[in-house]
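Heads up, the thing below is written out as structure tokens.
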Amino acid sequence: MRFDIITLFPELFAPFLASGVTRRAYASGQVDVRLWNPRDQAEGNYRRVDDRPFGGGPGMVMMAEPLARCLAAIRAERGEDVASQAPVVLFSPIGEPLNHGAVERWSASAGAVLLCGRYEGIDQRFIDAHVNVQISLGDFVLSGGEIAAIALLDAVARLQPGVLNDEGSHQLDSFNPALDGLLDCPHYTRPEEWAGQQVPAALMSGHHAQIERWRRDQRLAITARHRPDLIDAARQAGRLGKADEAVLAKLA
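For the sequence shown, this note's numbering gives the first residue as 1089, with consecutive numbering after it.
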């Protein structure tokens, strides 16, 4: 899996790629990350990559030509032909919100070219000509696409085999189909009592079925409180049993 990242600030990625549990994915080459600065493809003494917008207005716009040259260099290094070109992903407010299902699809893909915009945006002609997918992290605006690119890389890297200490731990993440798309339950560790609060008795029982029922009930309660839309989706998919519905009825 290879991700080529077009960014004016490649230095932002260095500490991320060398830190945390996901660094294993990058160090092993499972997730190959290559950084490309469009300034290297710009012309003139100042290596200019932006200019004022036609029609006036505040800010600057990233120019199409340096980006096109940068993308061409990436295609050449990848040795791609037209049929095998990696998709170009732009992080943008108009994109589809990134969710667990999309992360799973990207984690099983061959990668992509990630385009990190800056300033007021990117010349629309480049977007029309080259961008295949647009992704949003939510209804807010970042100063650039680098944080969004890092979020996607981190979410994808942790799903690669051998990256997490426990091979199956990500299957208990919130939104995972293994949890029927529900939010995860609370977690506790030592000491058994802290600040006058005890660990829930069910978790101390040693009774596997009781522990799993408590966790399921907590997932249902938390999801119903914070994301009732996920409860509706699980119900429509036939993932809720009679015991689940009984728990939800008590919460209503």
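Ideal placement from N, C-alpha and C gives every residue a C-beta, glycine not left out.
What does DSSP give as the partner residues of residue i in its beta bridges?
i: VAL1201; result: ASP1092 and VAL1176
i: MET1150; result: ASP1138 and ILE1210
i: TRP1282; result: GLN1285
i: PRO1185; result: SER1224
Classify residue i as buried or exposed, calling it buried when 16 or more other Cβ atoms lie within 10 Å of its own Cβ.
i: MET1292; result: exposed
i: GLY1233; result: buried
i: HIS1218; result: buried
i: HIS1295; result: exposed
i: PRO1126; result: buried
i: GLN1286; result: exposed
i: LEU1339; result: exposed
i: ALA1237; result: buried
i: PRO1115; result: Looking at the sequence shown, residue 1115 is not Pro but Ala. Its Cβ having fewer than 16 others within 10 Å, ALA1115 is exposed.
i: ARG1135; result: exposed
i: VAL1251; result: buried
i: GLN1149; result: Checking the displayed sequence, the identity of residue 1149 turns out to be Val instead of Gln. Answer is buried; the Cβ neighbour count reaches 16.
i: VAL1170; result: exposed
i: HIS1258; result: buried
i: ILE1093; result: buried
i: VAL1191; result: buried
i: ALA1113; result: buried
i: VAL1229; result: exposed
i: ASP1332; result: buried
i: ILE1182; result: exposed
Would you please state the rounded distance, in angstroms, between the beta carbons of residue i and residue j? I believe it to be under 8 Å.
i: LEU1240; j: LEU1155; result: About 19 Å; that fails the 8 Å criterion.
i: GLN1118; j: SER1180; result: Not really, about 27 Å apart at Cβ, beyond 8 Å.
i: GLN1324; j: PRO1274; result: With a Cβ gap of about 26 Å, GLN1324 and PRO1274 do not count as contacting.
i: TRP1124; j: ILE1162; result: 6 Å
i: ASP1120; j: ARG1157; result: About 22 Å; that fails the 8 Å criterion.
i: LEU1308; j: LEU1270; result: 7 Å
i: ASN1253; j: HIS1188; result: With a Cβ gap of about 21 Å, ASN1253 and HIS1188 do not count as contacting.
i: LEU1412; j: ALA1322; result: Past the edges of the chain, shown from 1089 to 1340, lies residue 1412, and the structure says nothing about it.
i: GLY1143; j: GLU1208; result: The pair is not a contact, with the Cβ atoms about 12 Å apart (cut-off 8 Å).
i: ILE1215; j: LEU1178; result: 6 Å
i: ASP1242; j: THR1110; result: 6 Å
i: LEU1096; j: ARG1206; result: 5 Å
i: SER1231; j: GLU1184; result: Contact flag wrong, Cβ pair sits at about 21 Å.
Over what stretch of residues does the alpha helix (DSSP H) that includes residue i continue unbroken?
i: ILE1215; result: 1212–1218
i: ARG1313; result: 1296–1314
i: VAL1335; result: 1330–1339
i: PHE1104; result: 1102–1105
i: VAL1244; result: 1234–1245
i: TYR1114; result: 1111–1115
Which first and last residues belong to the beta strand (DSSP E) in which residue i is found?
i: LEU1123; result: 1120–1124
Indicate whether the contact test is met: 3 or more Cβ pairs, each with one atom in the segment 1135–1142 and one in the segment 1170–1177, closer than 8 Å. no
Taking 8 Å as the threshold, find out whether the segment 1236–1250 comes into contact with the segment 1300–1320 through three or more Cβ pairs. no
Hey, is the segment 1274–1283 in contact with the segment 1193–1210, meaning 3+ C-beta pairs nearer than 8 Å? Result no; under three Cβ-Cβ pairs closer than 8 Å.
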